[in-house]
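First the structure, in the form of structure tokens, and then the observations on it.
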Amino acid sequence: MALKVLSALDGAKIQLYHFKAIIIAGMGLFTDAYDLFCIPPIMKLIGRIYYLDHHNSDKCSVMLKETQYKTTPTAVVSTLVSIALLGTAVGQLVFGRLGDRAGRRRVYGLSLGMMVLSSLACGFSICKTRNCVLVSLGFFRFLLGVGIGGDYPLSATIMSEFANKKTRGAFIAAVFSMQGLGILASSIVTMVVCRIFAVSSNEPKSETPDEADLAWRLILMMGAVPAALTYYWRMMMPETARYTALVEQNVVQAAIDMKKVLDVPMSEIAEDSPIRLKPPALPHPSYPLLSKRFLRRHGVDFFCCAATWFLVDVVFYSSNLLQSQIYHRFIKDNNDVNGYKLAFKVARFQAILAISSTIPGYWVTVYFIDRIGRVKIQMLGFLFMALVYFAIGIPYKYYWSENISVGFMALYSLSFFFSNFGPNTTTFIVPAELFPARFRSTCHGIAGAVGKVGAIIGTIGFFWASRNEKDSGKPNPVRMTVALVILGVVCLVGLLLTYFLTQETMGRSLEDNEIYEDELIYNT
């Protein structure tokens, strides 16, 4: 028989606490996006500060000192992004496992604390020499990635276990949509900081003053503020009733915890007679994670979650390779433009992209996820992403490489829209709904870590495809064509995996995943 507290959770009406939980749980995803998307403009500032040459030229017998600005090498940018992604993968594995072993709530504050402290530490990157700054920044970004990675499985699992089965998908998608606000916030903060520093600077407009070294640090540190503001509320959250009842086997405490946060009469969640779970030795599961028995029951779901997350992250992070071409066309990196103006233009471009495609994609998913289901949205996203990359990639050498037009920008925006109204969001949701409570956080963490391996591959692909030709300064069109067509094929593979292997979880109770057999819930 089903526990009353779990049945009450499935049928609970939407309440204020659900929206509060979205904000609390979403701050980790907000920080993740803020950290990732503030890097491009920051790299422009770092390029102006730490990558420059001073040389003398003899013109009309007058010695003129010239400064030749350089940009941060693509290899450095890709390395810094990859280091953070590696930390994210580690965090997903470690905190995902801890979430099942020690409880979601016990480690939830730890991951947020790591994000806050690491964001601040990134701004205090040691030294003022180039190598020392980059090494220390990379180290702190790795730690930041660990904290962000820990938040992925914990936030998804906690939100899924608090939500009712009718609107569960929308709630988890709303948590994930905080990434869109993080992208927009990083752009706004960057533009505001750069404008303030530019106005207060006494240097010529073409020069990048020494104070710019403070500006990029301040931008990074500001990412810690929203997360820090929610730390208290995160620590005050009770353990999820599903974890307490099914893993810790404390049904009475589960009812008490649920009563604290949801307006449900105690008579509806308290059991009429004492109950327990068989065998009494639990919470140790009757079969271990990744055992033959586990793989027989959940192996296909486990593979599908990890594989589709891997594929979408390859594509999502590779899409950055198009930005080098867009920047070359719309954002001139000339010596007569100082670092503040350059970073401002990059941040403004990212803000426009977020408002026009990224954020709408997230919220369209929130609206439709519990109406048409996860599988259809994921298939739709993969299909249209494939079409977009083929449309850009196949004629790239003959048309797009010389003609960055409105059509190109529209296609580029659509790739982000259908990524978020598609697999980028659904791969975050489905692993939190497909597995038993005692494995839920761990499986989500493993699937996410596999996805981040795909993200690292995508970042390396970005580095390979966006290397400039020496003469033109533009990316090699042949490499770009190959890369874009490969991304389209990757999307089609994701489409096939979704169609043949992904289970629909819309409207299902999380307890449908609990295969009890010798651990059935029963009255004594």
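With UniProt numbering applied, the sequence shown covers 1 to 524. Note that beta-carbon positions come from the ideal geometry of N, C-alpha and C, so glycine has one too. Fair warning: this is a prediction, and the values are worked out from it, not measured in the lab.
Per DSSP, residue 506 lies in no alpha helix (DSSP H) and is assigned neither H nor E. Residue 438 sits in coil when the DSSP states are folded into three classes, being neither helix nor strand.
By the beta-carbon neighbour count (other beta carbons within 10 angstroms, threshold 16), residue 406 is exposed.
The C-beta distance from residue 134 to residue 76 rounds to 7 Å, short enough to meet the 8 Å contact threshold. Relative to residue 248, the option among 363, 508, 291 and 99 whose CA is nearest is 99.
Residue 433 carries a coil assignment under DSSP once its states are collapsed to helix, strand and coil.
Counting only runs of 3+ residues, the beta strand (DSSP E) found wholly inside the segment 200-280 occupies 275-277, in chain order. Sixteen is the threshold: since fewer than 16 other Cβ atoms of the shown chains lie within 10 Å of the Cβ of residue 371, the residue is exposed. Here residue 511 carries a helix assignment [DSSP, helix/strand/coil]. In the displayed model, residue 424 falls within a helix according to three-state DSSP. Three or more beta-carbon pairs separated by less than 8 Å are not found between the segment 163-170 and the segment 290-310, which leaves the two stretches without contact. About 19 Å separates the beta carbons of residue 434 and residue 245, which is beyond the 8 Å limit, so they are not a contact pair. It is roughly 10 Å from the alpha-carbon of residue 421 to the alpha-carbon of residue 357. The segment 181-191 makes contact with the segment 28-43: 3 or more CB pairs, one atom from each, lie closer than 8 Å. Under the Cβ criterion (8 Å, minimum of three pairs), the segment 103-122 does not count as touching the segment 7-14.
DSSP, read as helix, strand or coil, puts residue 288 in coil.
Residues 51 of the same chain have their beta carbon placed closer than 8 Å to that of residue 73, with the five preceding and five following residues left out of the count. Secondary structure of residue 359 (DSSP, three-state): helix. Note that the C-beta distance between residue 379 and residue 232 is not below 8 Å. Excluding its 5 nearest sequence neighbours in each direction, residue 426 has C-beta neighbours in its own chain below 7 Å: 374, 377 and 378, listed in chain order.
The residues 239 and 243, in chain order, have a CB closer than 7 Å to that of residue 103 in the same chain once the five nearest residues on each side in sequence are set aside. Runs of the beta strand (DSSP E) spanning 3 or more residues and lying entirely within the segment 81-166 do not occur at all. The shortest CA-to-CA distance from residue 145 to any of 389, 92 and 125 is the one to 92. Of the candidates 339, 241 and 255, 339 places its Cα closest to the Cα of residue 48.
Following the DSSP letters along the chain, one finds residue 26 inside the alpha helix (DSSP H) bounded by residues 16-37. Within its own chain, the residues whose Cβ lies closer than 8 Å to the Cβ of residue 264, once the five positions on either side in sequence are excluded, are 8, 12 and 258, listed in chain order. When 17, 159 and 172 are compared, the shortest CA-CA separation from residue 367 is found for 172. Sorting 181, 17, 443 and 476 by C-alpha distance to the C-alpha of residue 299 places 443 at the top. The shortest CA-to-CA distance from residue 316 to any of 483, 199 and 286 is the one to 483. Contact annotation: residue 180 and residue 429 have beta-carbon atoms that are not nearer than 8 Å.
Secondary structure at residue 394: coil, using DSSP grouped into helix, strand and coil. One Cα belongs to residue 412, the other to residue 510, and the distance between them is close to 37 Å.
Per DSSP, residue 481 is one residue of the alpha helix (DSSP H) stretching across 477-501. Annotation: the continuous alpha helix (DSSP H) that includes residue 352 extends over 339-353.
Per the C-alpha coordinates, the member of 319, 417, 408 and 337 positioned closest to residue 355 is 417.
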